[in-house]
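For the sequence shown, my numbering gives the first residue as 5, with consecutive numbering after it. This report concerns only the one structure given below.
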Amino acid sequence: MIYVPSRVKRHKNKFAMDTGLNLVSLMDIFTIILLFLLFNVSGEEEAITVPDIVRLPASVATVKPAPATTVYITGDTIFLGDKKIANTQDVINSGEPGIKGLEEELIIQMSQNELDAAEDGTRRKIIIMGDKMIPFTLLKKVMYTCSWAGYQTLSLAVIQKE
């Protein structure tokens, strides 16, 4: 007796489809995912770093500051970058409107920045990071000194509220 295959088995080889893995489409998908992650993750870093000794006040401001010369005001010390400038109690108790040591260091810093910086307008900007518990008179003296030293744009750093 002769074996007659079923209709499905007879047409199986006639309409055979090669269903291999299509690597071109897979590479396109991975490239799109990679580009998406690169664009969305790379812009999320902070523009400036906040040291642990300064507790910034919260605000609803959404503008991120560009990196610039930074003055840190803690409860007991004023820093310009990493350099200790003055004791806050001495500054508060002094009758002068400005801070002499800070002014001298800011002028030195600005002259170094002007030699290094191109004509992009960022060399006269300064960021003030003041602890949220400092008195306003101290902040006012620091702002006055920065303005007197020739810095045109003063920015106060805050933590963004959610």
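All residues carry an ideal CB built from backbone N, CA and C; glycine is no exception.
- Relative to residue 132, the option among 139, 107, 158 and 141 whose CA is nearest is 158.
- Looking at the DSSP output, residue 83 sits in a beta bridge with 76 and 88.
- At the C-beta level, residue 138 and residue 62 stay beyond 8 Å of one another.
- Counting of Cβ neighbours within 10 angstroms places residue 108 among the exposed residues, the total staying below 16.
- For residue 35, the three-state secondary structure derived from DSSP is helix.
- Annotated three-state conformation of residue 105 is helix, per DSSP.
- Judged by DSSP in its simplified three-state form, residue 133 adopts strand.
- Just measuring C-alpha positions, the residue of 34, 117 and 29 sitting nearest residue 71 is 117.
- Distance from the CA atom of residue 89 to the CA atom of residue 106, rounded to whole angstroms, is 6 Å.
- Separation of the CB atoms of residue 102 and residue 144 is rounded to 10 Å, and the pair is thereby denied contact status at 8 Å.
- For residue 151, the enclosing alpha helix (DSSP H) covers residues 140 to 152.
- Linking residue 31 to residue 38 through their CA atoms gives a straight-line distance of about 10 Å.
- By the CB criterion at 8 Å, residue 81 and residue 91 fall inside the cutoff.
- Judged by DSSP in its simplified three-state form, residue 6 adopts coil rather than helix or strand.
- Measuring C-alpha to C-alpha distances from residue 53 to each of 34, 6, 42 and 74 identifies 74 as the nearest.
- Where residue 157 is concerned, the enclosing beta strand (DSSP E) starts and stops at 157 to 160.
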